[in-house]
Ligand code: SF4
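Residue numbers (the UniProt record's numbering), protein chains in the order written: chain A, 1 to 152; chain B, 1 to 504.
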C-alpha cells in the first residue's frame, strides 16, 4: 500500500504532530471507518457512543461525513477493497486532521495480518497519531485515548 | 425423528459412499444430479455450501436434527448448483466460486460476490489461483426497471457511512415514493477466515473463530470447538458443557440488547435505545470485570473452557439472571414510546415461506414463525429450557418482541443452569491427537453458526464456517423491496445484519 502511505504522508505535510486544535465550544468531530474487522471494536465504539457513556460531555462527537471530521478513527484490518475508501475519506477531511487506529487489527493487523484480501494494519503504512491497543479495547480505553487528543 | 428424516433427498444422500461417520456421503455426478432433482419437492433444509479445494460439500439439516453433508467432485471445475432449487444457496455459490474457482452450473446468479477484483489473485483458495486483471471490472448491479420507467433514482449507502459497523454497500432503487429494488454489495470485510484457519493448531483456530463476528463470538468459538472435538473424538467434561451454555446465553442477551438499541435508534425511540445501551453495558462491564473479556472472546477452547474458576462463571450467570425481570420491565416501559408501535407494526414483513426459502433461521426466522433453533442439538441444553416460542407476524415488531422473549428465556436458562450445578472442577480436557473430520454448531444470537473441519497432525487441515448473516443479506433484499425508504435503516437493524459475519 505504498500509494496510501505516500498520500497520507504528503497530506499531513510530513506528518504533523498530533495536535488537533479544538475550540472549547465545539466538539471534536470524529469520523469512524471500519476497514474490515470482526466488528468487536465497532461494537465497543457503539457502546461508547451510547447512553452508558456521556460522550457528548467529553467534547467528542461522531459525525457521519468525513467532510466535517477532524479525526479519522479506523477499526479493523485494512482490506484491499477498503483501502481506496479510507483514502477517499482522508482526502475529504479538512486540515488539520488526525489518524487514530483503534484495536489490534487497525494498528498492525492483529489476528488478520496480510493475505490475499487484507493489507494488514496502518502501522508503517500511514502516520498514526494515536494508537489504542486491545482486541477490542474497552470503551473506557478508547475514550481516554481520544480525550488525550483534546488536550492539544 | 420427524418427517423429512426419511425424505427422498436425505435418502439419496445416504445412498452415497460414507466418508465421515454417518453424516458425510460422496455422490457421483449422477447421484448429485438426482439429489438436486429430489430437492425440488423435498423440504430438506439447506444450511451451507463450500469446498475444501477438491470437492464441493453441501450441508443439510435432516429432520431439523441431523447434519447431513453431500459431497461431489467437480468435473472440469464445475458442479450442478443448488440455487435453482434452494434460493438460499445462491450467495454461497457465488462465494464458493470467488474463493475456489469452482463454478455452479444452472445457477441463479453468477456475478462475483466477495471478490471485487483487488485481491492478489483470483480463486485464492483454489488449486490454481488465477491472475488478476487491472483495472478491476466495475460492479455489475441488477437492473432496476421500475426506476428507469418511473424516472426514479438509485441511492447508494456505504461502505463508509460513519456508523459503528462493518463496511457494506446497500443500493436502493427509489421510485414512486417506495423502494423499487434493493441490492447489497458486500465483500469489503472479507478477511480470508478459511485460509487463515487452515494450518492452525486447534487452540489458535478457536481464538481466531472468536473474531469471526463479535456479536456471536461465543457461538463461533463453541461451534468450531465442537467440530474439532468431534473430529478428534475428544470428550469434554460436564462443567465445560455448562460453562459454554452460560456464556452463550450471556452473549445472546448482550447482542439482543445491542440490536434492540440499534433498532430503537433507527426508529427514533431514543429512550428505548438508551435503556438497552445501559443494560448491555451493565452486562459487558460485569463480564469484563469477572472474565477479563467484555465480549467473551478467548474463553471457549477446544477440550472445554479456558482454565479458570467455574464458580466465577456460575456467579456471573446468577447475577445476570437476577437482573432479568428488571431488565425486561425497563425495556417494555420504553416500548410504549409514542409512535413506536405504529412504526414497527407491519413494517418489513418476512413471511414464513420466504424465511424458509431463503434459509433464514435464528431470532429473525423465529419472528417469522419458523421453529428453528439448533440449541436443541447442542449439549447442555434441556428441551424445556427453550420456552420462548416463536412469533407469527414476521415484522419489525415481531423481531423486537422475539428478542425480548429470548432475553427472558436466556435469563431463565442462566438461573436453571446454575441451580443444580455442582462443579467437578475439571473444565478442560486435552484434545486428542487424532485425525478426523467433524461438524459442530451453536445457536448464536442471530442464528445458527456451523463449522466443518478436517484435522490431522495436530492442526486444522481444512475448515468452513457458516454464519447466518449471509441469509440475512438475501432476505433483506427481498423485504426491502417495496418498503418505505424511511424504514430501510429500521428494517436492516431489525435483522441484526453483520457484514463482518457475512464476509468472513
Ligand atoms: S482488533 Fe480484535 S476486536 Fe477489534 S476488529 Fe480486530 S479482531 Fe475484532
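Heads up, the beta-carbon is just placed ideally off N, CA and C, and yes, glycines get one too.
Counting only residues of its own chain and dropping the five nearest sequence neighbours on each side, residue 99/B has a CB closer than 6 Å to the CB of 125. One thing to note: residue 97/B has its Cβ no nearer than 8 Å to the Cβ of residue 187/B. Inclusion of residue 501/B and residue 37/A in the CB contact set at 8 Å is not warranted, their separation being larger than that value. Under the criterion of beta carbons closer than 8 Å, residue 44/A and residue 498/B do not qualify as touching, at roughly 15 Å. For the pair residue 78/B and residue 233/B, the CB atoms are not nearer than the 8 Å cut-off. Taken from the Cβ of residue 243/B, every heavy atom of ligand 1 lies 7 Å or farther away. If you draw a straight line from the Cα of residue 479/B to the Cα of residue 118/B, it comes to about 31 Å.
At a cut-off of 8 Å between beta carbons, residue 138/A contacts chain B. Three or more beta-carbon pairs separated by less than 8 Å are not found between the stretch 27-37 of chain B and the stretch 341-359 of chain B, which leaves the two stretches without contact.
Residues of the stretch 23-37 of chain A with a C-beta atom less than 8 Å from some C-beta of chain B are 31, 32, 33, 34, 35, 36, 37, listed in chain order. Flagged as an interface residue toward chain A: residue 190/B, by a C-beta distance shorter than 8 Å.
Of the other Cβ atoms in all chains shown, fewer than 16 fall within 10 Å of the Cβ of residue 124/A; this residue is therefore exposed.
Within chain A, no C-beta atom comes nearer than 7 Å to that of residue 330/B; the closest sits roughly 12 Å away. DSSP places residue 500/B in the uninterrupted alpha helix (DSSP H) bounded by 499-503.
In this structure, ligand 1 has no non-hydrogen atom nearer than 7 Å to the beta-carbon of residue 207/B. At least 8 Å separates the beta-carbon of residue 81/A from that of residue 102/A. In the structure shown, the three-state DSSP call for residue 321/B is helix. In terms of Cβ geometry, residue 142/B and residue 154/B do not form a close pair [threshold 8 Å].
Under the criterion of beta carbons closer than 8 Å, residue 87/B and residue 108/B qualify as touching, at roughly 7 Å. Relative to the non-hydrogen atoms of ligand 1, the Cβ of residue 167/B never comes closer than 7 Å to any of them. For residue 136/A, the CB falls within less than 7 Å of some heavy atom of ligand 1.
Residue 51/B is bridged by DSSP to 56/B. Proximity of residue 165/B to chain A, defined by a Cβ-Cβ separation below 8 Å, is satisfied. If you compare the alpha carbons of 53/A, 79/A, 134/A, 30/A with that of residue 274/B, the shortest gap goes to 53/A. Residue 60/B and residue 39/B have their C-alpha atoms spaced approximately 11 Å apart. At a beta-carbon threshold of 7 Å, none of the residues of chain B lie near residue 102/A; the nearest stands roughly 11 Å away.
Residue contact check for residue 131/A against chain B: no CB pair falls below 8 Å. Membership of residue 478/B in the alpha helix (DSSP H) is indicated by the continuous run 469-480. In this structure, residue 435/B has its CB at a distance of at least 7 Å from all heavy atoms of ligand 1. Note: residue 95/A is not bridge-paired with any residue in the DSSP secondary-structure output.
Between ligand 1 and the CB of residue 35/A, the shortest heavy atom gap is not smaller than 7 Å.
Taken in chain order, the members of the stretch 54-66 of chain A whose beta-carbon sits within less than 7 Å of a beta-carbon on chain B are 62, 63, 64, 65.
Put simply, the backbone Cα of residue 86/A is about 11 Å away from that of residue 77/A. For residue 492/B, the enclosing alpha helix (DSSP H) stretches over residues 488-495.
For residue 287/B, the enclosing alpha helix (DSSP H) begins and ends at 270-291. When C-alpha distances from residue 472/B are compared across 92/B, 54/B, 74/B, 41/B, the shortest belongs to 92/B.
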